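Chemist: According to numbering that gives the first Met the number 0, the sequence shown is numbered sequentially starting from 0.
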Amino acid sequence: MAPLFPSQPPAPWGGQPQQIDVHVTLHQPVPVEPDLTWWQRVARAVPYRVSPLVAVTAVVAAITPLPGVGYGVGRIWGSLLDHLGTDVHYAVSHIAAAVAAGVVSARIHRPCRLRTTLAGDLVRRLTWLDAFGVAVTVIGGTWGVLVPDIVAAMTGVRA
C-alpha cells in the first residue's frame, strides 16, 4: 500500500525545486514609556508647535502700546468687548469674543508650515500672525469679558 503523504513534494514544472533561505532577526523589545499625564503631553507637544521666540514676540506686540493711542492691540480688543457688554448687552460681548476665538482657531488649524517631530509625526507650526492672533484674543478676552466686576457680581448689572 502506498503512503498517504509522499515524503518528497512533487518537482515543479520547471525542473529542480528552488532553495529558499529564511533569515530570522530578533530585536530587543521596545521599552514602554509609562503613561504620561496631561501636562507632560502638553509640555512635549508645545515646543514642536510654537517657537518660544515667536510666542514671546507675539505677546510683546499684543501688549505694547501703539503710538498715538496709548494702548496695546489686546487692550483695545478688550475695551471693545467691555463696551459691547456695558452699552449693548453682555451676551453680545461674549458672542463677539467667541467668534474671534473661532476665527483664530480656524486660522491655527489651517494647513501651514509643517514640522516633523522626533517620533516622525507631522505637526502644524504656528506662524507669527497666528501667535499674535492668539495673544490678542486671550488678552482682550480676559480683559473685556472675564474681568471680575464686583458691581456686576453683586447686582447683576454691569457698571
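The beta-carbon is built from N, C-alpha and C at its ideal position, and this holds for glycine as well.
Computed from a predicted model, the values in this text were never measured in an experiment.
Cα-Cα, which of ARG123, SER50, THR141 is closest to ALA96?
Modeler: Comparing Cα positions, the closest option is THR141.
Chemist: If contacts are defined as beta-carbon pairs under 8 angstroms, then LEU125 and VAL53 qualify, I think. What distance do you get, rounded to the angstrom?
Modeler: 6 angstroms
Chemist: Is ARG124 helix, strand or coil by DSSP?
Modeler: coil
Chemist: What does DSSP give as the partner residue(s) for THR115 in the beta ladder?
Modeler: LEU121
Chemist: Is the CB-CB distance between GLY143 and GLY77 below 9 angstroms?
Modeler: yes
Chemist: Determine the burial state of GLY132: buried for a count of at least 16 other Cβ atoms within 10 Å of its Cβ, exposed for fewer.
Modeler: buried
Chemist: From ALA100, THR56, ASP34, ARG43, pick the residue whose C-alpha is nearest to that of TRP127; which is it?
Modeler: THR56
Chemist: Along the chain, where does the alpha helix (DSSP H) that runs through ALA86 open and close?
Modeler: In the sequence on display, residue 86 carries Asp and not Ala. No alpha helix (DSSP H) holds ASP86; DSSP gives it neither H nor E.
Chemist: Under a Cβ-count criterion, where at least 16 other Cβ atoms within 10 Å of its own Cβ denotes burial, should ILE94 be classed as buried or exposed?
Modeler: ILE94 should be labelled exposed.
Chemist: Span of the alpha helix (DSSP H) holding PRO162?
Modeler: Look at the range of the chain in this structure, 0 to 158, and you will see that residue 162 is not part of it.
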